[in-house]
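Enquirer: Would you mind keeping the following structure in view while I ask a few things?
Below is the structure:
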């Protein structure tokens, strides 16, 4: 289970990274600001992959070792709460003073914080079959 | 006629135009940033500082702390109240030579409160251009900026660097 969970985490992280880079391009096209010097593609992929790996470890610990089937809802809740919690970092982030419009920074980064969870929930049925009751 | 021209040249102060690349930085515990818009009239003569005059304003709405929420907060009523007091004004009353630099005394007006301050500054001339640089500290409580105490330090260090060119 650990291996499948880890692969799911990596796949979710990778697709979340791709989605985030695409979103950054769309955002830059729409608003003219991409914060490319701060939000670099490499950093995006590193962050989403780390997010995916943390989710994988959490899933393995909660569902695989600890609560089994009952752990699904707990894990899903924790993943959603953790995603929400991380957006505080995006709002509190202090940009270099030469960046003209820091007001637009959360609009770029806050949605990205939900991409790993979204990718996890999207790809999970491919790795773990739903529990039949 | 020649002597008149010499006298006129001596007493006529030099007008300077504020160039690009100026920097108005402020810093304190837990808050720092810049003001992006600065304008005004600068009359300065190294040989005759007494005839010099600074009359400058800073656009409060141009504040940038590097954080969008802090920028919004800074412009609100509790802090700079940018809607009611859109500019910070400094008008010099006296400029004098002080050591290797100069000392300016003038009225600083922030949020409707005018207070006399005095601080040293330097001027580095380079042909028909030059750069003013000075640092001073203000207590934000004197200008009713924010509430006393809290996370933001009460003593605010202001660093100014203004490149100028002769008009």
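Residue numbers (my numbering), protein chains in the order written: chain R, 32 to 164; chain E, -14 to 152.
Ideal Cβ placement from N, Cα and C applies to all residues, glycine included.
Since the structure is predicted, the reported quantities are computational estimates derived from the model, not experimental observations.
Around the Cβ of residue 32/R, are there at least 16 other Cβ atoms within 10 angstroms (buried) or fewer (exposed)?
Expert: Classification for residue 32/R: exposed.
Enquirer: Can you name the residues that DSSP bridges to residue 90/E?
Expert: Answer is 79/E and 103/E, bridged to residue 90/E.
Enquirer: Kindly list the residues whose CB is nearer than 6 Å to the CB of residue 107/E, restricted to its own chain and excluding five residues on each side of it in sequence; keep chain order.
Expert: Counting only Cβ-Cβ distances below 6 Å, and skipping sequence neighbours, we find 86 and 118.
Enquirer: Roughly how many whole angstroms lie between the Cα atoms of residue 44/R and residue 41/E?
Expert: The straight-line gap from Cα to Cα measures roughly 52 Å.
Enquirer: When the Cα of residue 94/E is compared with those of 104/E, 76/E and 142/E, which residue comes out closest?
Expert: Taking only the C-alpha atoms, the option nearest residue 94/E is 76/E.
Enquirer: With 8 Å as the threshold, decide whether the Cβ of residue 122/R is near any Cβ in chain E.
Expert: With 8 Å as the cut-off, residue 122/R counts as an interface residue toward chain E.
Enquirer: Quick check on the burial criterion: 16 or more other C-beta atoms within 10 angstroms. Buried or exposed for residue 115/R?
Expert: With fewer than 16 Cβ atoms within 10 Å of its Cβ, residue 115/R is classed as exposed.
Enquirer: Closer than 9 Å, Cβ to any Cβ of chain R: which residues of the segment 12 to 27 of chain E, in chain order?
Expert: Listed in sequence order: 17, 18, 19 and 21.
Enquirer: Using a Cβ-Cβ cut-off of 8 Å, state whether residue 51/E counts as contacting chain R.
Expert: Output row for residue 51/E: interface = yes.
Enquirer: Please report the straight-line C-alpha distance between residue 108/R and residue 150/R, rounded to a whole angstrom.
Expert: If I take the Cα positions, the gap works out to 15 Å.
Enquirer: Measure the Cβ-Cβ separation of residue 40/R and residue 86/R and say whether it is below 8 Å.
Expert: In contact: residue 40/R and residue 86/R (Cβ atoms closer than 8 Å).
Enquirer: Here's a check: name, in chain order, each residue in its chain whose Cβ is nearer than 7 Å to the Cβ of residue 90/R, leaving out the five neighbours to either side.
Expert: Within the same chain, residue 90/R has close Cβ partners 36 and 106.
Enquirer: Assign residue 9/E to buried or exposed, taking buried as 16 or more other Cβ atoms, counted over all protein chains shown, within 10 Å of its Cβ.
Expert: Residue 9/E comes out buried.
Enquirer: Could you tell me the boundaries of the alpha helix (DSSP H) in which residue 38/E lies?
Expert: Where residue 38/E is concerned, there is no enclosing alpha helix (DSSP H), although the beta strand (DSSP E) it sits in stretches over 38 to 44.
Enquirer: Which residue comes first and which comes last in the beta strand (DSSP E) that contains residue 142/E?
Expert: Segment 140 to 151, the beta strand (DSSP E) holding residue 142/E.
Enquirer: Apply the 10 Å Cβ neighbour rule to residue 167/R and answer buried if 16 or more other Cβ atoms are within range, or exposed otherwise.
Expert: The structure shown does not extend to residue 167/R, since chain R spans only 32 to 164, so no value can be given for it.
Enquirer: Chain E beta carbons: is any one of them nearer than 8 Å to that of residue 106/R?
Expert: For residue 106/R, the answer is no, since every Cβ of chain E falls outside 8 Å of its Cβ.
Enquirer: Examine chain E for any beta-carbon lying closer than 8 Å to the beta-carbon of residue 125/R, and answer yes or no.
Expert: Yes, its Cβ sits closer than 8 Å to a Cβ of chain E.
Enquirer: So, helix, strand or coil for residue 138/R, using DSSP?
Expert: Residue 138/R falls in the helix class under three-state DSSP.
Enquirer: In chain R, which residues lie less than 8 Å from residue 56/E when you measure between Cβ atoms?
Expert: Near residue 56/E (Cβ distances below 8 Å), the residues of chain R are 133 and 134.
Enquirer: Under 8 Å by Cβ, that's how I've got residue 147/E and residue 43/E pegged, so tell me the actual separation to the nearest angstrom.
Expert: Incorrect: roughly 11 Å between the Cβ atoms, too far for contact.
Enquirer: Just list the residues that DSSP pairs residue 28/E with in beta bridges.
Expert: 0/E and 38/E.
Enquirer: I need the straight-line Cα distance from residue 5/E to residue 146/R, nearest angstrom please.
Expert: When rounded, the distance between both Cα atoms is 41 Å.
Enquirer: Does any CB atom of chain E fall closer than 8 Å to the CB of residue 119/R?
Expert: Chain E, which has no Cβ nearer than 8 Å to the Cβ of residue 119/R, makes this no.
Enquirer: Between which two residues does the beta strand (DSSP E) harbouring residue 123/E extend?
Expert: Element bounds for residue 123/E: 114 to 124.
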